[in-house]
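Chemist: Residue numbers (my numbering): 1 to 95. Beta carbons: idealized from backbone N, C-alpha and C, even for Gly.
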Ligand SMILES: [Zn+2]
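#1: Please tell me whether, using a cut-off of 7 Å, the distance from the CB of residue 19 to the nearest non-hydrogen atom of ligand 1 is below it.
#2: Between the beta-carbon of residue 34 and the beta-carbon of residue 86, is there less than 8 Å?
#3: How far does the alpha helix (DSSP H) with residue 27 in it reach, from first residue to last?
#4: When the Cβ atoms of the region 17-33 are set against those of the region 64-71, are three or more pairs found closer than 8 Å?
#5: For residue 79 and residue 41, what's the separation of their Cα atoms in angstroms?
Structure, rendered in structure tokens:
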């Protein structure tokens, strides 16, 4: 997963691109955007993961599937999580 940075206010380059420009990233002016995380409980063993990234959730949903499986993605992962994993979404959208 690539790191994302916030555009720096007052930097023309950043404002033009709508994201941090190379220079601001390089010199540390740009702030890192934290990936959104979700609180997940694993029903099979009771484990609780307070800060699971969507990337990891998608990996769990889509791992070890048969041929012809269509990967779930950002748009429909809740459905996939409920139907195909032992994981339960506890809390939504913690930054
Ligand atoms: Zn910049």
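Modeler: Looking at the coordinates:
#1: For the purposes of this step, residue 19 is identified with residue 19 of the chain shown, where counting begins at 1. The answer is no for residue 19.
#2: Residue 34 sits at position 34 when you count from the first residue of the chain shown. Residue 86 sits at position 86 when you count from the first residue of the chain shown. Not in contact: residue 34 and residue 86 (Cβ atoms no closer than 8 Å).
#3: Your numbering for residue 27 matches position 27 in the chain shown. Per DSSP, residue 27 is not a residue of any alpha helix (DSSP H), being assigned neither H nor E.
#4: At 8 Å Cβ cutoff, the stretches do not touch.
#5: By 1-based counting over the chain shown, the position of residue 79 is 79. By 1-based counting over the chain shown, the position of residue 41 is 41. Whole-angstrom Cα-Cα distance: 16 Å.
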